[in-house]
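In what follows, a structure is listed as C-alpha cells, so that the remarks can point back to it.
Protein chains in written order, with the UniProt record's numbering: chain A, 1 to 512; chain B, 1 to 332; chain C, 1 to 592; chain D, 1 to 591.
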C-alpha cells in the first residue's frame, strides 16, 4: 500500500510540473499586462510602464519567466522555513497572503453546498432508482436535466431577485394569500404521493393527508406572524423529535427492532426535556459551550443505546446517537429562530435579513446566535445555487449505480433468503452502490475547490474563483499560478483519497 | 433478474442490422425525438436568419446594425391571435425588441445561438475524434502506451478550462480575424475537453478486446488498425455517441459561462452569455433582454441532454416500462 | 399432453411438500404477454428429488422462481402452488417472506455472483438465521460453523471469516448450500446447481446433495439440462419443452422406456462415454465400467511409462509438433509468474484428430491458443504445419494465417455483432487476398452450404441466429482458407445437448471430407470420445496421459484420468449407481 | 412499550449523571453578556469595486482609487480638490505661503496641535520625507537604469519637482521652505505630506527621530556622476516603496496611523474595511453624528445595485450603464446623482505624411461626418439625460476657462453632421480610413458603428480596426497601423502639466504626430507661468490651433452615477477621482 502511495505522489508531482509550465505559458499568452496603463494619461506613463514591466520582468521571454517563478515556488517545499515566495501581484501584494483568505471563503461557501448536494442527491437517486420507470422517476429526470442545463449565473440572478429581494419585501407584511396556500398544498400533495407510490388507494390517502397538513401549517404561519418571529415551540419540537426517532429506526433497523425503537424514543424524550432546561444556558453560551453540549448529546445517545443492550448493541447505539444529534439539532434551530426577530430588527440589517452580497454584515455584532444567523443569511443563496448545480450530477450517478446493483444475482439471493425489502435495499444494494460513489465525491471535491467562479462573481464573495478571474483578466501570472498550484494539489490529493476509499470500501480490492 | 425471453425468429425477411434495431428503439423514446426536432429547428432558424458567410439571411436586419429605438425597445412580436384577445400573430419590426442603443435583439440572439451551436458542433466533433483515438489506442495496447496516454489525459484535466477561454481573444487577433472567434473557441475547447470521453472509450476497449471475435480477426491476419476501427470501434460506438452528446451540452454551457465572464467570443461578435451578463441588471425593466438568451440556452442544453438520454436507452435498453395492452390477444 | 400427472400415488399420511396445479407463467415483452410456462402440474414429497429437465428456453427456471414469487415486475403467474397444503399464490409479502429462506430455500447456477461480495460468508449465513429464528448472534455463529462443516468445506472457521472472492467456485456453491439449509427448509430448489462447475467438483456436490436428502429428508426440486446429473440424483423426472410438460415419471422408467418422442431424442442426443458414435456404433463401444474395475485392481500405476511418451514417431511435416513448451502469465513484480502450461509435448499428424481434455484451469485453452499463434510461449519449440513459430514475430505469424483456423466456445461472442454473416465468413478470405467481390460472394455461399446453412443467411446478423447456427458460421469462417490445422476450443459446450449433437456430426463430416488435422479441446470426455482418434489428458498445466482413444478409455493408467472418467455421470440410473461406487473406491485409493 | 426491567433504573441514573456533567462543563465556558456599544452616532456603508491593497498611496502601485479614498478619510493635508477641481486649503491642518515668485519658494507650516493617531506630533521630518519621496532629489540613475540608483518610486512624475533644492527646516521644527530653481506651473498641487517619518525610520531599522539625519547625510543625485548607493536611504526607500502593500490589517498598528478625522479600526479581508472616529483629530472636517464608516468590496456593478436595493449598503458609485441608471431610479427611497467623470472619449487623426489625413481637407471632411449628437443620444443620454457635447480638447465643462475656449476654438462648425459639406470637400474622392478602437469597450464599439455608417454617406470607406483589450494599447503607439483612433483619456482635473504631454509635437503621448510650432511655443510658455489666468489664456490659444489643424474631435464625457439610500444625507456629485466622498464632512444621518 505504501509503495502505491509513494509512486502515485511521484507521478502526481511530475504531472503538476508539466501542467504548471503549460498553464504559465497560456496565462502569459492570454493578454498584455500593460494594457490598462497604456490608456492612462498620467504624465509619467512611460515610467509607470517601465516599472511594471520590471516588476513582472516582461522583457524576459515567458518560458524563462516560468523558471523564475518555479524557483520561488520551490522554496515552499522546504518544510520549516516559511520562505514560500510565490511572487507579488500587480498591486505588489504578496500572493502568499492572498491565498489563505480566498481559500477560507471558498471553503465556507462550498462545504454546505457539497454536503447538501450529496445527501439530497443520494436520497433522490435511490428513490428514483426504486421507483424506476414510474411517473416520479420521469419527473425527477426532467427536473434534473433542467437543472443540468441551466447556466449557473441564470439561477443565481433569479434566486437573488425572488428569494432575497422578493422575500425581504414579503417580510414587510408576511401573509400568504389563500389561493397561494391551496396551490402550495396541492403541489406538496402531488410530490408526497409520487414518492410513496404503491396502490392507488394508498396514494390518494397520502395526497389528502399531506395536502391538509400543509394547509394547516401555512395557516398557522399566517396567524402566528411566523415569518417575522419564527420559533418551533415545545409542541413542534416534541412532535418532530419523535418523528425523527421513528424515521431513523425505521430506516436503519426496521420497526420490528423494539430495542432500537426504545433507544430512539428515550433520546427524543431527553431532547424535549433539554428544550425546557437548557434555554437559559443557551442564552449565555459561546461556541465552546455548544460544542461541549454536542459532544455530551452524542455520548448520551451512545450510552443509552449501549444500556438498552440486547443482541445488536451496535445498532441501538448508532440509532441512539443519530436520534440524539438530530433532535439536538432541532433545539439549536429553534434557538436560532428565537433570535431571528432580534437579528432582523438590528439597525445594520433594517428588516431585510436575506443578504445578496458578501459573507457577513460588517458592522453587526451580537451573541453567537445573531452572528450564526448572519452567516446563514449570507450563505443561503450561494449555497442553494451551488447545490442545485451539483445535485444533478449526484442524482444521475446514484440512480444508474443503484439500477445496476439491483440487477445483480446477490440481490435475488438476498430476497430468496426472506429478507424484507428495506434490508435488501439498505444493507445489500446501497452498500454496493456506495463504492463508486466514494470516488465521485472525492473527485468532485477536488474540482469544486477551484471555486464556484460564477457564483462567487454574482454574490460578490471573493474566494478562489474571484482571485483567479480577476488576476487572469489583468494578465497577472503570479496569483493565477498560485491558484493553479493550490487547486491542482487539492485535486490530486482528492483523487488519491478516492482510490484509497475504493480499497477501503471494496474487500475485493483490499484483500486480493 | 430480467427474464427477456429469447424467441427464435425464423422469419425470412432481410436481416435487421444492429443499427436498424437501435434506430427502432430510439424512435420509441418520444422526448428524444421531439428534442431532435427542436434543435434542428433552432439550428435552421439561426443560420437562416443570420446567413452563412456571404449569403445574407432572410431577416432584414444584421446583428450589429444600429436602428432607431422604437417604443423604448419593447418586443414588437405578439403571438396571441386576435380571437384570443391578442393583437394577432405577427413579428413586427423587432420581434425580440432592441437593446439599449437600438441593435435588433432578435438578430443578436440568433447570432449568439449560431455561435453557440458552432462552438458546440466543433467541440463535439473535435473532442470526440481525439477522445476516441486516444481511448482506443490506450484501451487496445494497454501496458506502457496506456500509462503514458492516461498520464497525458490527467495532465490536460488539471488545466482549468477558463484559461483556454481567455486565450481566444489574443489568438483571434494574432490571426488577424482570418478565422472568427467562435471557431477558434470551438477548436481550443475541443482540444481540452476530450478527457472524459477518452476514459469511457478506454474502459469499453478493455472489455471488447477480450471478446472472441477480436481474437478470430487476429487469427485471420487482420492488422491492429483494422481490428481497432473495423471490429472494436463499431461496437463501442454506443458509448462514444452518448458521451459526445453530453460533451456538446457541456460545451454550450461552457461557452455561455465564458461569455458571462467576459472571455471567449469577443464583441462585436455576440455570445449569449455576454448578452445576459451585459443586460443582467435590466432584469426588472427590460426583462426581454434577460429572458430570450436564457430561454434559448436552456432549451438547447436540455434538448441535447434528452437526445443523449434517448441514445443511451437505445444502445443498452434497460428494462423498458411494460404497459400491457388491455388483454386483447394472448399469444397461444 | 397436459393431463394432471400425479407422479406417484401419494402414500397415506405424507401430503406432498410441493403441489403445482395448472401453473402458468407469462412475461410482458413489448406490449403483449408471452407465455414462458403453461399448465404445469407436478408434486414432490418429503425426501424425494424431482428433476425438471429441459433445454434452455423451456421455462423450467421461470416456473421454479414462481414458487418463491421472485419473478420480475413484468410477469404474471396463474394456477395454484401449494406448499405442505398451504396455498402460496396470493400470500401477502409479509407472509411470503416467512416462507422464503425458512420453508423453501434456493441455490442458483452462478456461484461467482450469487453471494454479496462485500460481506463475509459467515455474516450472510448468520443474517439468514437471525431473520427467521431470532437467535442470539453467538449461537447463530456456532450454528453457521456447524453448517459449513456439514457441507464439507475444508476449513469451516476460515471460510466463516473469508469473503466470497477468496473461495473457489465449488467452495462457494457449498457455502450457498450451507446458507440455504440453515433453517432446515422443507423444500430446496436447486436451479442448475452444478452447471458452472467442473465435472469432478460436480460429482462431489451431487454427493453432498444426496447425503443431505438422506439426513434432512427435505424435498429437492432439481432444475437441470444435464441427463447425467438427473440419472445420478433424481427419483422422478419431469421433462419440459417450450413451457409444457411432455413427459413425467419415475427415473428408471423414463431412462429405460421413454414414451414421448422428444424425450427419446433428448436421451439419444446425450453423448455416452465409451459408446463412440451413438448406441448403434458397436465397433467403438467400450465397457468403461469394466476398464475402471481393472484399473482398481491394478492399484496406482507409476505415471512414468505410457503416460508421457509420444507413441508414434512424427514426420516433421506433421500438422502440429510441440516439444516441452511452457507458457507463463502475469510476470508482475511481486506476484511470481504463474505457469499455465508446464513442459507440454504434443503432436498431431495431418488428418488426425487429437482430443485434449482437462478441467477449467488445466491450461488446455492456452495450449490451443498457442497452437494458432495467439499466445506466445516462454520455453520449448512449437512447429505448426511445418513452420517454427516458437519465437515468432508478427511477420512470420502472418504466413501461418492461411494454414490454421480456430473455432471458439461462446457463440454470442465469437461473431462481430456489427458485421453480417457473409462479411464475417468472408473476412479471412478478403484479408488473405484470396478473393474479391463477386468471387468472394461465391466462396461464401459454398462455405454456407458446407455448414448446411441456407444461402439467404448471407446478409443476416448474428443477433438473428440461434446458438447452433452461430457456431456453424464460426466453423465456416475457420475453414474458409481450408487450413491444415483446425483448433476447436470447446465448440459445443455452450449449446443445448440436441444442438450439440448436430454440430459435432457436422464437424466430424467436414473433418473426414477436408482431411484437416484437428486439436479438439473439451472438458467433456464423452464429446472427446465421439470426435477424437487420440486423446491427451491435461491436469494443472501438465499432460498426464496420452494415447489412442481405445487405450485411454479401455485402460486409463493415470489416477487423475481414472477419477475423471469415473466422475462423468452416466445417463442411466442403475449404471450411474455402480459408477458412483467405483468412483468412491477410486477416490479412497488414489493419491492426488 | 418501555422495558420495565432493571435496565430502566440503570438507564435513568446514567442519563442523569451525563446530563449534570455536561451542564457543569457547559456552564464554565459561558461568556459574560456582551455590553452593547454606545450606539450614539450612525454608520455609513459605502460600496467600492476594488479591495484595499496599500496604506501608502504615494507609491506607483499604491495609487489605486480605493487606497486614495481610504487616504482621503484618514490623512489630513494642507489642501484638497473640490467638485470643480479647484484647491481648497484646510487651515485646521496647516498653512501654505507663497514666499516669492522668482525664485519660486513656498513655506509649509503645520499647526501646533496636529498629531498622528499614536500621539506623535506631525512636524518637519514628516514633510522632509514627503518631499524626498516625491522629488526624486537623490536619484542619479539614467533612463535605462543601467548605472546609478533610483531610491523612491513615486506615483506622480518628478518633472518640475526635481527643480527643488534641499528644503530649509524652520527653527520650531514645524515648517519647511522649498525653493525651485525655475518656474513650475503646477507648484500649487505639491503637498509634502506622506507616511509618518518616525514610523518609517523605526521600520527601516533606525531611531524614530533619525530621519532628518539620514536625508541630510545623503548627497543630491547627479545623473552624469552617479555615486555609490547610500545604504541607509536605500533601506528607507525600500520600505517606503513596498512596506505598506498588504492584503490584511497589519499586526503593527503604526503602519496605518491616521492624521485625519477617521482611523482604520478593522479589516475583514476580501469583505470590508471599517473606519471609526480618530479621537486625536483636532481639525474641523469630521461629519456630525457619524461614528463609523464601512467600505464594502463588491466587484460586480449589478451586485452593488441589488445590495443598495436590499439595504446592505448606503452609497454606491458603480460603473455606469443605461440599465444601472434605470434600475436605480426604480428603487424607492434611493436618490440618484448623475454627471461627468474625469475621462472622455475622442477621435484622433493620424498626421503621418502620405497618410489619408495628410491633406487638411480630407481631415475636415471626415471630422464633419462624425455624428456626435447621434452617438451622445445612443450611448450617453440614456445614462445622463442632461449630457452635452464636449467641445474642448483641454478644458472640462464647469472648470474655469471651458466657456471661453469653446466659444473661440471654432468647434461649433462640428456641432452637427454636415455630409454635403464633407462630400464637397472630398470632391469625389473615396478615401479608405482605418478606424481603430478597443472592441472590449461596448461604448467605443457603438461609436465606431455610428461613425462608419455616417462617414460612408459622404463617400468614406471606413475599415473596422477593432482590436481586443490587450492589443489596442500597442497599436496606439504604432501610428502606421491606423488612420483614426477612438480612445479615451482620464484626467486628474487640475494642473496644466497634461496639456504639453498630449499636444506638444515632441511628446510621445501625441500619437497622431500633430505638430504646430505656434502651439508648441504657447505650451513652453504655459509651463513657465504660475499665474492661473495667464495659464487659461495660453491654453485657449493652444485650443484654437488644435481645432484649426483638425487634430481630432472630443466626443463625449463618460457619465458617472452616484446613488445613496435613505439612511444618509448631504451627498453631492463630483466627477473627480475621490467620487462621492469628496465632502464626507457634510454628511448627516437621515432622521
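In this text, a Cβ means the ideal position worked out from N, Cα and C, and glycines have one as well.
Reduced DSSP category for residue 466(C) - H, G, I as helix; E, B as strand; rest coil: coil
For residue 327(C), which residues of its own chain have a beta-carbon under 7 Å away from its beta-carbon, when the five flanking residues on both sides are left out? 340, 341, 366, 370, 375, 377 and 378
Does the pairing of the segment 202 to 219 of chain B with the segment 230 to 247 of chain B give three or more beta-carbon distances under 8 Å? yes
Rounded to whole angstroms, how far is the Cβ of residue 356(C) from the Cβ of residue 520(C), which I believe are closer than 8 Å? 7 Å
Of all the residues that make up the segment 9 to 30 of chain A, which are near chain B by a beta-carbon distance shorter than 7 Å? 11, 15, 18, 19, 22, 23, 26, 27, 29 and 30
Whole angstroms are fine: how far does the CA of residue 538(D) sit from the CA of residue 593(D)? Look at the range of chain D in this structure, 1 to 591, and you will see that residue 593(D) is not part of it.
Per-residue contacts from residue 218(B) into chain E (C-beta, under 8 Å): Checking the listed chains, one finds no chain E in this structure; the protein chains it contains are A, B, C and D.
Residue 408(C): contacting residues in chain B (beta-carbon distance under 9 Å): 212, 213, 215 and 216
Enclosing alpha helix (DSSP H) for residue 535(C) [first to last residue]: No alpha helix (DSSP H) holds residue 535(C); the beta strand (DSSP E) holding it covers 534 to 539.
Residue 330(D) versus residue 303(D) - alpha carbon distance: 16 Å
CB contact check: residue 29(B) to chain C, cutoff 8 Å: no
Taking 8 Å as the CB-CB limit, is residue 237(A) close to chain D? no
Between the Cα of residue 109(B) and those of 286(B), 138(B) and 270(B), spot the shortest distance and give me the residue it belongs to. 270(B)
Determine, using beta carbons only, whether residue 206(C) and residue 233(C) come nearer to each other than 8 Å. yes
Would you kindly check if the distance between the Cβ of residue 55(D) and the Cβ of residue 383(D) is under 8 Å? no
What distance in whole Å lies between the Cβ atoms of residue 334(D) and residue 563(D), which are believed to be in contact at a cut-off of 8 Å? 6 Å
Quick check on the DSSP output: what are the complete alpha helix (DSSP H) runs of length 4 or more inside the segment 407 to 477 of chain D, in order along the chain? 419 to 426, 442 to 457 and 472 to 476
Compile a chain-ordered list of the residues in the segment 432 to 444 of chain C whose CB is closer than 9 Å to at least one CB of chain B. 432
Coarse secondary structure for residue 269(A), derived from DSSP in three states: helix
DSSP three-state label for residue 339(C), please. strand
Counting only C-beta atoms, is residue 428(A) closer than 8 Å to chain D at any point? no
Residue 195(A) in three-state terms, based on DSSP: helix
Anything in chain C within Cβ reach of residue 234(B), meaning under 9 Å, just list it in chain order. 416, 417, 418 and 419
Given residue 10(A), which residues of its chain have a CB within under 8 Å of its CB, disregarding the five upstream and five downstream residues? none
Please work out which residues of its chain come closer than 6 Å, Cβ to Cβ, to residue 557(D), disregarding the five sequence neighbours upstream and downstream, and give them in chain order. 340, 344 and 390
Close-in-space but distant-in-sequence residues of the same chain around residue 363(D) (CB under 6 Å, 5 per side omitted): 349, 357 and 550
When we look at the beta-carbon of residue 12(A) and count the other beta-carbons within 10 Å, is it buried (16 or more) or exposed? buried
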